[in-house]
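See below for the structure under consideration.
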Amino acid sequence: MICTYQCIQLILIKECSCYNTIYPNFFDSIPCFNQTQMDCVGKFFMDKKITEKYFKACMDQCPLECGGMWLDYVVSVNQYSAKIYQELVQNYNGSYKLFLNKNETFDDLAIVNIYYRNLGYTEITESAAVEFVDLLSSIGGVGGLFLGASALTLVEFIELFFLFFIEIKNYNKIDPKKTSN
940 MICTYQCIQL ILIKECSCYN TIYPNFFDSI PCFNQTQMDC VGKFFMDKKI TEKYFKACMD
1000 QCPLECGGMW LDYVVSVNQY SAKIYQELVQ NYNGSYKLFL NKNETFDDLA IVNIYYRNLG
1060 YTEITESAAV EFVDLLSSIG GVGGLFLGAS ALTLVEFIEL FFLFFIEIKN YNKIDPKKTS
1120 N
């Protein structure tokens, strides 16, 4: 997917002269901040024909993924109202005090904690099912069987030939026991 996102970013940079901060960006460009740029990005994603055309072009250019990473996540929300932070805000006397609304500040305050559900990982490696020495041994064993079977077959044919030759030689002889009767 990263290839597709980068392809879309490149198109957005060409069309709007800025990149969309939603997708990762590795190009030398500025983010889309002003209203003209945001309108251009909005128009790009709202026009279904343009979006489908560019997404199809990017999918055709990018190879299929052969691996990826998937993360499970759980989102939980809690209103954060630590008294220490409330006191800090109430006692703040800096130059931005005019812009600080003490009632709404705590709605805008966020603390993010990220916990990994599972710190283990699975590693998949390839290894040869048959080692080179085992392969040579198997080839030699099979070759020995074939050669042994061939030699035995050859000996069997020679024996059959001799038996056949002896039978023909003895066929023409007259047996004295059979003729005396």
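Everything in the sequence shown is counted per this note's numbering, starting at 940 for the first residue and increasing by one. We treat Cβ as the ideally placed atom computed from N, Cα and C, and that holds for glycine.
Return the chain-ordered list of same chain residues with a C-beta closer than 6 Å to the C-beta of residue i, the five sequence neighbours on each side being excluded.
i	result
Asn964	Gln948 and Tyr958
Thr960	Pro970
Quick one: residues in its chain with C-beta nearer than 8 Å to the C-beta of residue i, no 5 flanking neighbours on either side, listed in chain order?
i	result
Tyr944	Tyr962 and Pro963
Asn1111	none
In angstroms with no decimal places, state the Cα-to-Cα distance between residue i and residue j.
i	j	result
Gln1025	Val1051	18 Å
Lys1108	Gly1082	39 Å
Phe984	Cys942	18 Å
Val1069	Tyr1060	27 Å
Gly981	Glu1065	46 Å
Asp978	Leu1058	42 Å
Leu1003	Pro970	28 Å
Lys1022	Ile1053	23 Å
Phe1100	Phe1085	22 Å
Ser956	Lys987	21 Å
Phe1104	Ala1090	21 Å
Glu1098	Thr1092	10 Å
Phe1096	Leu1102	10 Å
Val1014	Ser968	33 Å
Ser1077	Phe1071	10 Å
Leu1075	Val1094	28 Å
Gly1079	Ala1067	19 Å
Glu954	Lys992	14 Å
Met1121	Val1016	With the chain covering 940 to 1120 only, the question about residue 1121 has no answer from this structure.
Looking only at its chain, what residues have a beta carbon closer than 7 Å to the beta carbon of residue i, apart from the 5 residues adjacent to it on each side?
i	result
Asp1011	Arg1056
Glu1062	none
Under 8 Å by Cβ, that's how I've got residue i and residue j pegged, so tell me the actual separation to the nearest angstrom.
i	j	result
Gln1029	Cys946	That belief does not hold up - the Cβ atoms of Gln1029 and Cys946 are roughly 50 Å apart, past 8 Å.
Ile952	Phe966	6 Å
Say the cut is 7 Å; is the CB of residue i nearer than that to a heavy atom of the ligand ADP?
i	result
Leu1086	By its list of ligands, the structure shown contains no ligand whatsoever, and the ligand ADP lies outside what it can speak to.
Examine the Cβ distances between the segment 972–981 and the segment 990–1006 and report whether three or more of them are shorter than 8 Å. no
Ordered list of beta strand (DSSP E) runs contained in the segment 946–1014, each at least 3 residues: none
For the segment 1059–1110, list the beta strand (DSSP E) runs that are entirely contained and at least 3 residues long, ordered along the chain. none
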